[in-house]
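Student:
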Amino acid sequence: MNPLEHKTVTRLLYLALTGAATGFGWYLGGLQGLLLLPLCLGFWGLAEWNAARTDRELAQLSQTLNRILHGEEHLGVEEYSEGELGILRSEIHKMTVRLREQQQALQADKVYLANSLADLSHQLRTPLTSMNLVAELLYKEDLTPQRRAKLCRELYQLLSQMDWLVTTLLKLSKLEAGTIPFRSDTVPLEEVVRQAAAPFLIPMELREQTFSVDCSGSFIGDVHWTAEGVGNLIKNAMEHTPAGGSITVRGRENALFSELVVEDTGPGIDPQDLPHLFERFYRGTSRTSHGFGIGLSLTQRIVTGQGGTIQARNRTPQGAQFVLRFYKGTV
Numbered sequence: 620m621n622p623l624e625h626k627t628v629t630r631l632l633y634l635a636l637t638g639a640a641t642g643f644g645w646y647l648g649g650l651q652g653l654l655l656l657p658l659c660l661g662f663w664g665l666a667e668w669n670a671a672r673t674d675r676e677l678a679q680l681s682q683t684l685n686r687i688l689h690g691e692e693h694l695g696v697e698e699y700s701e702g703e704l705g706i707l708r709s710e711i712h713k714m715t716v717r718l719r720e721q722q723q724a725l726q727a728d729k730v731y732l733a734n735s736l737a738d739l740s741h742q743l744r745t746p747l748t749s750m751n752l753v754a755e756l757l758y759k760e761d762l763t764p765q766r767r768a769k770l771c772r773e774l775y776q777l778l779s780q781m782d783w784l785v786t787t788l789l790k791l792s793k794l795e796a797g798t799i800p801f802r803s804d805t806v807p808l809e810e811v812v813r814q815a816a817a818p819f820l821i822p823m824e825l826r827e828q829t830f831s832v833d834c835s836g837s838f839i840g841d842v843h844w845t846a847e848g849v850g851n852l853i854k855n856a857m858e859h860t861p862a863g864g865s866i867t868v869r870g871r872e873n874a875l876f877s878e879l880v881v882e883d884t885g886p887g888i889d890p891q892d893l894p895h896l897f898e899r900f901y902r903g904t905s906r907t908s909h910g911f912g913i914g915l916s917l918t919q920r921i922v923t924g925q926g927g928t929i930q931a932r933n934r935t936p937q938g939a940q941f942v943l944r945f946y947k948g949t950v
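In structure tokens form, the structure reads like this:
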């Protein structure tokens with residue numbers, strides 16, 4: 620440590636210089652000595668005043684930091700001063716702001732985790748209750764083979780629902796944590812739709828629904844994850860379109876973005892649901908479904924994770940429409 624940075628050493632040095640200057644003044648004598656003596660005393664007084672002011676500011680800063688550590692106060696801009704202490708205050712202010720932001724982020728994460736666990740337990744409770752009832756019925760010895768086979772199919776369906784829920788939640792959690800790297804490949808839009816629609820072609824045929832695709836152009840992104848997101852939209856349209864209805868996917872590309880539009884001829888979306896449609900576990904008030912309300916949330920994360928946007932709206936005269944845009948530059 621620099622000895623001059625210690626206030627006791629500095630004061631002793633000032634005192635020694637003042638004493639030497641005073642002795643030199645007496646040695647000179649006369650008018651020069653008389654003038655040098657008050658000048659030395661003034662210099663000593665100024666040094667003492669400056670040291671006392673520094674001590675007060677350091678004590679005040681120490682008290683302020685103590686209150687900050689106990690959450691009683693924050694360091695405001697109006698408390699800044701010039702000089703080295705001003706720089707120190709500025710750096711402390713930056714540190715406290717950063718620490719508070721981190722604390723708020725951690726608190727928000729805790730609340731989000733608690734809400735997610737509560738939602739997950741609520742969503743799992745329904746299929747688990749149904750599975751327990753089915754298992755109890757299977758224990759009965761007087762069941763006919765047909766009844767037993769039906770219960771087994773119901774049990775398998777419930778297990779499939781739980782498996783889909785857990786798998787989708789894991790994907791959603793990874794997307795929200797930003798741990799999934801998206802590829803940047805140039806892929807035809809028609810290829811994305813083909814992969815997305817493949818699991819639903821037979822169910823749509825059984826429902827006598829018409830599925831049509833009109834896509835041109837390509838987009839830059841991850842074909843696997845994008846197909847999964849578009850697949851959720853096709854599945855959602857299929858579930859809410861009556862028998863004999865139609866589901867259409869259109870795609871186009873221009874100089875600014877690549878666009879996919881998924882639309883159906885169902886009852887549409889209640890206006891009250893539109894602001895909450897992409898919230899996790901949200902179920903609409905009018906579009907009754909046995910789903911869990913996380914498919915659209917997953918799709919939104921996939922699209923926005925690639926720098927895109929997704930918008931839901933109603934068609935005229937009826938039906939729902941989802942518009943996905945993947946921009947070729949930063950929006």
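Start counting the sequence shown at 620; every next residue gets the next number (our numbering). The beta carbon of each residue, even a glycine, is placed where N, CA and C say it ideally should be.
1. Can you look up Pro-936 in the DSSP assignment and give me helix, strand or coil?
2. May I have the straight-line CA-CA distance separating Glu-847 from Arg-719, to the nearest angstrom?
3. Cα separation between Ala-939 and Ala-931?
4. Grouping DSSP H, G and I as helix and E and B as strand, with all else coil, what is Gly-870?
5. Touch check for the stretch 793 to 812 and the stretch 915 to 930: three-plus C-beta pairs under 8 angstroms?
6. With 16 other CB atoms within 10 Å as the buried threshold, where does Val-881 fall?
7. Comparing C-alpha positions only, which one of Gln-679, Phe-830, Ala-815 sits nearest to Val-842?
8. Exposed or buried, which one is Ser-877 when buried takes at least 16 other CB atoms within 10 Å?
9. From the DSSP output, which residues share a beta bridge with Glu-878?
10. Starting from Pro-807, trace the beta strand (DSSP E) in both directions and tell me its first and last residue.
11. Could you name the residues that DSSP lists as bridge partners for Ala-931?
12. Can you tell me where the beta strand (DSSP E) holding Ile-839 begins and where it ends?
13. What is the rounded straight-line gap between the Cα of Leu-762 and the Cα of Leu-756?
14. Take the Cβ of Cys-834 as the centre, count every other Cβ of all protein chains shown within 10 Å, and call the residue buried at 16 or more, exposed below.
15. Nearest-angstrom Cα distance between Ser-709 and Arg-944?
Tutor: In brief:
1. Pro-936 falls in the coil class under three-state DSSP.
2. CA-CA distance, Glu-847 to Arg-719, rounds to 38 angstroms.
3. Cα to Cα, the separation comes out at about 7 angstroms.
4. Shown here, Gly-870 sits in a strand according to DSSP, grouped into three states.
5. Verdict: yes, contact present.
6. Taking all protein chains in view, the Cβ of Val-881 is crowded by 16 or more other Cβ atoms within 10 Å, so the residue is classified as buried.
7. Per the C-alpha coordinates, the member of Gln-679, Phe-830, Ala-815 positioned closest to Val-842 is Ala-815.
8. Under this definition Ser-877 is a buried residue.
9. Arg-871, Arg-944, per the DSSP bridge assignment.
10. Per DSSP, Pro-807 belongs to the beta strand (DSSP E) from 804 to 807.
11. Answer is Phe-941, bridged to Ala-931.
12. From DSSP, the beta strand (DSSP E) with Ile-839 extends over 837 to 840.
13. Per the coordinates, the alpha-carbon of Leu-762 lies some 8 angstroms from the alpha-carbon of Leu-756.
14. So Cys-834 ends up on the buried side.
15. Rounded to the nearest angstrom, the two C-alpha atoms are 44 angstroms apart.
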